[in-house]
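Participant:
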Amino acid sequence: MVNNELVKEISKSIAIVLPDGTSLDELQVYLASYINQLIQTDFQQLIMLLYRIDVSETKLKQLLHQYPDEDAGKMIAALVIERQLEKIKTRQQFGRQPDSFTDEEKW
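Just so we're aligned, residue 5 is where the sequence shown starts under the numbering used here, counting upward by one.
#1: Is it buried or exposed, residue 28, if we count other Cβ atoms within 10 angstroms and call 16 or more buried?
#2: Using DSSP with H/G/I as helix, E/B as strand and the rest coil, what is residue 26?
#3: Applying the criterion that 16 or more other CB atoms from any shown protein chain within 10 Å of the CB defines a buried residue, is residue 66 buried or exposed?
#4: Counting only the same chain and skipping the five closest in sequence on each side, list residues whose C-beta sits under 7 Å from that of residue 58.
#5: Which value, in whole angstroms, describes the spacing of the CA atoms of residue 12 and residue 22?
#6: Exposed or buried, which one is residue 19 when buried takes at least 16 other CB atoms within 10 Å?
#7: Can we say the stretch 77 to 87 touches the stretch 38 to 45, given the rule of at least three CB pairs closer than 8 Å?
#8: Please say whether residue 50 and residue 85 have beta carbons closer to each other than 9 Å?
#9: When the distance is taken between beta carbons, is residue 64 closer than 9 Å to residue 53?
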């Protein structure tokens, strides 16, 4: 299930514990709150987190510029979720189990 994978991926990236049954809406609300807290108290930590997760700086700047009156934490949370979903999709698309290699492919 993508939601459980997403929750695990975000928990690992941010080093927090989220319950497996966390819905996408609950995840976004929690992340927005956490990000807003970082904006207020530890902006450098937020920058490092976004870099580590590989959130597009260009997308982030465009979004914040387009919607200056919106909740920045909520917009950043949406970008974090979007990026983590991209990573999950890529892993599912291109990931192969080591046992699936033929003898010729192993070396």
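Here a beta-carbon is modelled for each residue, glycine too, at the ideal position from N, C-alpha and C. Computed from a predicted model, the values in this text were never measured in an experiment.
Facilitator: Checking against the coordinates, here is how it stands:
#1: exposed
#2: Three-state DSSP puts residue 26 in coil, outside helix and strand.
#3: With fewer than 16 other Cβ atoms inside 10 Å of its own Cβ, residue 66 counts as exposed.
#4: 87
#5: 8 Å
#6: Here residue 19 is exposed. Its C-beta has fewer than 16 other C-beta atoms within 10 Å.
#7: Three or more Cβ pairs drawn from the stretch 77 to 87 and the stretch 38 to 45 lie within less than 8 Å of each other, which places the two stretches in contact.
#8: no
#9: no
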